[in-house]
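When you line the sequence shown up against the working numbering, it's residues 4 to 292, in that order.
Report on the following structure.
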Amino acid sequence: NVVTSISGYSVIVKKISIEKRKESELESSIQEEAEQYIPFDINDVNLDYEILSERAGEGGEEQAEEMEKDLMDVMLVAAKKDIVDDYVSLLQLTGLNPAILDVDAFALQNAFESSQEDISGCYALVNLGAEELGINAIKGGVSIFTRDSSYGGYQINEAIMSKFDVSYEEAEKMKLGGTKIEAKNRADMEEIFTSVVSGWVNEIKRALDFLATTYPDEHIEKIFVSGGSCRIPGFQKYLELETDIAVEELNPFVNLQINEKVFDPKYLSYMAPQAAVAVGLALRSIGDK
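And the structure:
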């Protein structure tokens, strides 16, 4: 059995509030509600949900009682069937059984929660990979906002390829410092890094601004970053400077029992940001949420 995850525009994650219903009516009601929020034909998606909380209706106690509007917060997740089928088929072709198909944002949240002693605050989890920038804002262990954007380390590679007319592999070496940069090219390299990192930070700021508008009473206490590209020089310091929020690199191995005879601690420390989603997936069990 294997656990994997999807992300990007093929999956929609949305927190909604609906009238409280009997459990027997819930599934059909949520499907009807979901049609308002899912930008795809509802018949073309796999739909899942989780009840987050129940609360008294807004607008005053008397009004709530009169209109019987006790509310429940529900997290909706919709994934396009064709994408899900592609993932499942690929795994089955390799002889593997896909037991769980998760979402990157929630896998990252699992890794975060296992590495922290206290998750009662409000935090932003930012995963910056090769081709995608994922953001998951959580409050008290509950996701309140997610966003995936097409930003990532590949942008630096493409800019280097274009500027210096080199292959993708050579651009990767230049990006990671595996190739010595001639003095005459250093200014161009700095300009590439500055431009791309600024784009990443601006995208994160837009997401945080939207979050602040949607949830004005919530304030992000810290940003936890992960993904291989989060270690691009200058990114973390610039993000902290521009948002005025403390930034910390997420280490998903912190509270896990590690056999140091098998796994080199220095190597795990080096791999920690890249392994965050994978560790979060590994923490899943069949039947959990």
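Every residue, glycine too, gets a C-beta built ideally from N, C-alpha and C.
For residue i, the three-state DSSP class (helix, strand or coil)
i      : result
Tyr126 : strand
Thr216 : helix
Ile248 : coil
Asn254 : coil
Glu161 : helix
Ser170 : coil
Ser288 : coil
Met192 : helix
Ile88  : Note that residue 88 corresponds to Asp in the displayed sequence, not to Ile. Looking at Asp88 - three-state DSSP - the assignment turns out to be helix.
Lys295 : Because the chain spans 4 through 292 in this model, residue 295 falls outside it and cannot be assessed.
Glu243 : helix
Gln277 : helix
Gln66  : Model confidence at Gln66 stands at a pLDDT of 49, short of 50, so the residue's coordinates are unreliable and nothing is read from them.
Asn113 : helix
Thr197 : helix
Phe43  : coil
Ile184 : coil
Euclidean distance between Cα positions of residue i and residue j
i      : j      : result
Val6   : Ile261 : 21 angstroms
Lys187 : Lys17  : 49 angstroms
Glu173 : Thr182 : 8 angstroms
Met70  : Leu50  : Because the pLDDT of Met70 is 42, which lies under 50, any placement of that residue in the model is unreliable, and the number read from its coordinates should be weighed accordingly. Roughly 29 angstroms separates the two Cα atoms.
Ser27  : Ala37  : 17 angstroms
Ile138 : Leu286 : 20 angstroms
Ile45  : Gln39  : 10 angstroms
Glu194 : Phe238 : 14 angstroms
Lys178 : His222 : 34 angstroms
Phe227 : Leu128 : 5 angstroms
Thr217 : Leu284 : 29 angstroms
Thr23  : Ile33  : Position check: residue 23 holds Lys in this sequence, whereas Thr was assumed. When rounded, the distance between both Cα atoms is 11 angstroms.
Ser170 : Glu134 : 17 angstroms
Ile20  : Phe109 : Checking the displayed sequence, the identity of residue 20 turns out to be Ser instead of Ile. Between Ser20 and Phe109, the C-alpha separation is close to 20 angstroms.
Gly60  : Leu29  : Residue placement at Gly60 is flagged as unreliable, the pLDDT there being 47, under the threshold of 50; a coordinate-derived value is accordingly withheld.
Asp267 : Tyr273 : 10 angstroms
Ile289 : Ile103 : 7 angstroms
Bridge-paired residues (DSSP) for residue i
i      : result
Asn49  : Ala82
Ser8   : Asp105
Arg209 : In DSSP, Arg209 forms no bridge with anything.
Val14  : Ala82
Leu131 : Leu136
Asp151 : Gly137
Phe227 : Leu128 and Glu251
Val145 : Lys142
Of the residues the options, the one placed nearest residue i, counting alpha carbons only
i      : options                           : result
Leu244 : Leu271, Ser198 and Val204         : Val204
Leu136 : Ser10, Met274 and Ala285          : Ser10
Pro219 : Met78, Asp121, Phe148 and Ser27   : Phe148
Ser146 : Thr246, Tyr90, Ala133 and Met78   : Met78
Ala279 : Thr217, His222 and Val106         : Val106
Pro255 : Ala275, Lys208, Lys264 and Ile248 : Ala275
Ser31  : Ile248, Tyr52, Thr97 and Leu131   : Tyr52
Val48  : Val80, Gly155 and Arg209          : Val80
Ala314 : Ile15, Pro101, Asn130 and Ile103  : Residue 314 lies beyond the stretch modelled for the chain, which goes from 4 to 292, so this question has no answer here.
Leu259 : Gly202, Leu242 and Gln119         : Gln119
Thr197 : Leu271, Tyr273 and Pro236         : Pro236
Ser201 : Tyr154, Asp291 and Asp88          : Tyr154
Ser232 : Glu175, Phe213 and Ala249         : Glu175
CB-CB length for residue i against residue j, believed under 8 angstroms
i      : j      : result
Ile86  : Ser13  : 4 angstroms
Gly230 : Gln277 : 7 angstroms
Ile54  : Met75  : 6 angstroms
Gln112 : Ile141 : 6 angstroms
Glu263 : Tyr126 : So it is not a contact: roughly 29 angstroms between Cβ atoms.
Ala210 : Arg150 : 5 angstroms
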